[in-house]
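Line order of the protein sequences matches chains A, B and C.
The opening residue of the first sequence carries number 1 in my numbering; numbering runs sequentially from there.
The opening residue of the second sequence carries number 1001 in my numbering; numbering runs sequentially from there.
The opening residue of the third sequence carries number 2001 in my numbering; numbering runs sequentially from there.
Backbone N, C-alpha and C fix where the C-beta goes; we use that ideal spot for every residue, glycine too.
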Amino acid sequence: MSASDYLSVALLITGAVFFLAGTVGLLRFPDLYTRLHALTKADNVGLGLMIAGLALQAESWAVVGKLLLIWGLVLLAGAGVAHLIASGALKQGVRPWKK
Amino acid sequence: MNTALLYSLVGIGLFSLGLYALIVHAHLLRKILAINVMGSGVFLLLIALAKRTATPLPDAVPHAMVITGIVVTVAATALALTLMVRVAMENHRAELSDQSQE
Amino acid sequence: MEKVTLLIMLFDLLLGLGLLWLAWQLLESRNLFKAVVLFVAFGLLMALAWVRLDAPDVALAEAAIGAGLTGALLMAALAKLPSRDKSEPLADEKGHWLLRLALLLVAAGLGYVVHSLPESAPGLSAEIANNLASSGVNNPVTAVLLNFRGYDTLLELMVLMLALLGVWSLGIERSTREEPVGPVLTTLVQFLTPLLILVAAYLLWAGADAPGGAFQAGAVLAAAMVLLLLAGWPLQGLLTGVALRLMLVAGPATFVALAGLTLLDAQLLAYPPQHAGKLILLLEVAATLSIAVTLAALFLGYRPRTNKEPG
């Protein structure tokens, strides 16, 4: 294994940790808004790290471009959908959690 | 146990689960979901069995059939959902009325 | 090497059990909205299973159609149901032990049959490999879909048409949406629509040599139209009458014309090898357009009318 392989593995594992944290947040956080927060924050960074790890293994720049496109699309869709869900819930009268 | 057999068994499991739900539940949306799950089971079985070639390339004919099948499934689902909405409008609930009880 | 295969076995097992568990959850959930969301998740896991079974073409179709479009269709239908219908108690399940036993026996019988099938069955893969060079494309799945078994695809396009005719004769036009669309959705759709059109064109072009093709491209294009409809664009007002009908019929008509021409020449849908590549591309472009418009029209759920027509 070369240095870039080790770096890839490290990035992929760190990415997986972020996904795990996001999933734990989704399951454990008290209300819809905090759960959305956990999901979008953790998954966007987690996917970014995974994309970086995979880009190091890519055979050509075209593949790197496609990987970055996937990340960009997920960022865009994740942010947009999280906003839509949260504003829809607010309109329906779902109260944010207060301790 | 090889991959083809494992996924074939999962396909059979999905088919049986779907068939059970199709028979047991009265709500039409549940029946439509059940038929979709049954279809997924059949597709999984077909593709898993197509993997049993000596070469690394699987048999492409079942693959093409399953792609055709997925598109036909979505068309049939759309028609079924429209029918369901009409039934719900006429009956005030998305269930078929049971003639024997009337 | 041994460790890697063990890990992959474990992954397959986990994926299989996950699929079965999700199917059970979605079929037995009290809340129908939850059931629909779980169905979308189920479709995405199915796409993973297709990749594991070396079927990337099917994975693309499943992710775009099985999970994406079916999910949108189910959500739209759920929204049209009366609200008390959405979360009703499940039927009493005490009396179903006989049914469960019978289905268990059926499943066991099917499992035994699959287990006793021969380990290796090449099917038609050798014939496909031998004839791929004369088919005009390099992706065996595209070759089967549009050349070797083109009649399947021809009839499939007819099935799509029939389903749309059924929806048009049953569906009822709904009043326009209650609330205005926010700026976020509008911006999102403005970003995504050109990108989705680009992806569809790429999938269509790549289908000759790599996973992709008319169905996947058509589904992506349909997704773009569904997004536009959801964002309040008056697609149903712009695309009516003759224009709509021409687009719907483009795929089937091209197919039928080609079938007639090839029938005069030699055999049904047997293309001359030197022109096969171009003919398949022509068919795919027409089929993509028709599939996309048909799927979007199925999502719309009623026949869009021109202004001149009485309502």
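At least 7 Å separates the CB of B:LEU1028 from every CB of chain C. Contact with chain A is absent for C:LEU2060, since none of that chain's Cβ atoms lies less than 7 Å from the residue's Cβ.
A distance below 6 Å between beta-carbons, with the five flanking residues on each side excluded, links A:PHE18 to the following residues of its chain, in chain order: ALA42, VAL45 and GLY46.
Where B:ARG1086 is concerned, the enclosing alpha helix (DSSP H) starts and stops at 1060 to 1091.
Within chain A, no C-beta atom comes less than 9 Å from the C-beta of C:GLY2212; the nearest is roughly 13 Å away. Just measuring C-alpha positions, the residue of A:ILE70, A:PHE29, A:LEU76 and A:ALA3 sitting nearest A:LYS98 is A:PHE29. In this chain, the alpha helix (DSSP H) harbouring C:GLU2156 covers 2150 to 2170.
Scanning C:ALA2023, C:LEU2110, C:LEU2032 and C:LEU2154 for the CA closest to the CA of C:GLY2260 turns up C:LEU2154.
Contacts between C:VAL2184 and chain A, judged by CB atoms closer than 9 Å, involve ALA79, GLY80, HIS83, LEU84 and SER87 in chain order. Those residues of the region 2188 to 2208 of chain C placed with their C-beta closer than 8 Å to a C-beta in chain A are LEU2188, PHE2191, LEU2192 and LEU2195, ordered along the chain. Chain B has a Cβ within less than 7 Å of the Cβ of C:LYS2080. At least one CB of chain B lies nearer than 7 Å to the CB of C:SER2120. C:ARG2052 sits buried, since 16 or more C-beta atoms from the chains shown fall within 10 Å of its C-beta.
By the Cβ-count criterion, B:TYR1007 is buried, with 16 or more other Cβ atoms from all chains shown falling within 10 Å of its own Cβ. One alpha carbon belongs to A:LEU67, the other to A:ALA77, and they sit about 15 Å apart. Straight across, the Cα-Cα distance linking B:ALA1078 with C:LEU2073 is about 7 Å.
A contact between stretches requires three or more CB pairs, one per stretch, nearer than 8 Å, and the region 1028 to 1047 of chain B fails this requirement with the region 2095 to 2105 of chain C. Look at A:ARG95 here: in three-state DSSP terms it is coil, with no helix or strand label. Under a criterion of Cβ atoms nearer than 8 Å, no residue of chain B is adjacent to C:VAL2293; the nearest Cβ is some 13 Å distant. Contacts with chain B at 7 Å (Cβ-Cβ) include C:VAL2159. Ranked by Cα distance from C:LEU2298, the options C:SER2125, C:GLU2284, C:ALA2253 and C:ALA2076 are led by C:ALA2076. If you check the CB distance, C:PHE2042 and C:LEU2060 do not come in under 7 Å. The continuous alpha helix (DSSP H) containing A:LEU36 extends over residues 32 to 56.
Residue environment analysis places A:ALA62 among the exposed positions, since fewer than 16 neighbouring C-beta atoms fall within 10 angstroms of its C-beta. Bounds of the alpha helix (DSSP H) holding C:GLU2284 are 2276 to 2300. What B:LYS1051 touches in chain C, judged by beta-carbon distance under 7 Å, is LEU2053 and ASP2054, going in chain order. Within the same chain, and ignoring the five residues on either side of A:THR14 in sequence, the residues whose Cβ sits closer than 6 Å to its Cβ are LEU49. Here C:PHE2215 is near B:VAL1071, since their CB atoms are less than 7 Å apart. C:THR2070 belongs to the set of residues whose beta carbon lies under 7 Å from a beta carbon in chain B. Collapsing the DSSP output to three states places C:ASN2147 in a helix. Taking a contact as a CB-CB distance under 8 Å, the pair C:MET2158 and C:PRO2252 counts as one, their CB atoms being some 6 Å apart. With a threshold of 7 Å between beta carbons, C:GLY2260 makes no contact with chain B. Rounded to the nearest whole angstrom, the CA to CA distance from A:ILE85 to C:ALA2250 is 38 Å. At a cut-off of 7 Å between beta carbons, B:ILE1035 makes no contact with chain C. Nearest neighbour of C:VAL2167 by Cα position, chosen from B:ARG1093, B:LEU1083 and B:ASN1091, turns out to be B:LEU1083. When the alpha-carbon of C:ALA2063 is set against those of C:GLN2274, C:ALA2223, C:GLY2301 and C:GLU2156, the nearest one is in C:ALA2223.
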